[in-house]
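Numbering (the UniProt record's numbering), first residue to last: 1 to 114.
All remarks here apply to the structure that follows.
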């Protein structure tokens, strides 16, 4: 009954295993819009001002054809820029609409004057 053991020992691997980085170490290299562009209302948790909305709209619409963007898509696009969760501008949809209409009127005037 004495049979030799069939277990074999593998030689050490010639290549070292990659060292895993902790999750928080990776986050330090990711750009953070809020950190790069400090905005006072974000620190105090106040709602964005009309001027904040206007700046975010200008930045979002830069280079886009305004006719191709829906108001819902626009709100969802600028919410993260303002540090708001999805749906954070739903209560201000009328204000966003009037800002977009004013922006589009300026855009049309610039287009017709050139």
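Glycine included, C-beta positions come from ideal geometry on N, C-alpha and C.
Values in this document were obtained by computation on a predicted structure and should not be read as measured data.
Item: Beta carbon of residue 71 nearer than 9 Å to that of residue 93; Value: yes
Item: Endpoints, the alpha helix (DSSP H) within which residue 105 is located; Value: 93-113
Item: 7 Å Cβ shell around residue 24 - same chain, five flanking residues per side excluded; Value: Unreliable positioning characterises residue 24 in this predicted model, as indicated by a pLDDT of 43, which lies under 50. The coordinate reading is nonetheless provided below. Around residue 24: no qualifying Cβ.
Item: Neighbourhood of residue 97 by C-beta, 8 Å cutoff - its chain only, sequence neighbours within 5 removed; Value: 71
Item: Separation of residue 85 from residue 59, as counted between CA atoms; Value: 18 Å
Item: Pairwise C-alpha distance: residue 79 and residue 47; Value: 11 Å
Item: Whole-angstrom C-beta distance between residue 99 and residue 54, which should lie under 8 Å; Value: 6 Å
Item: Residue 61: first and last residue of the uninterrupted alpha helix (DSSP H) it sits in; Value: 50-61
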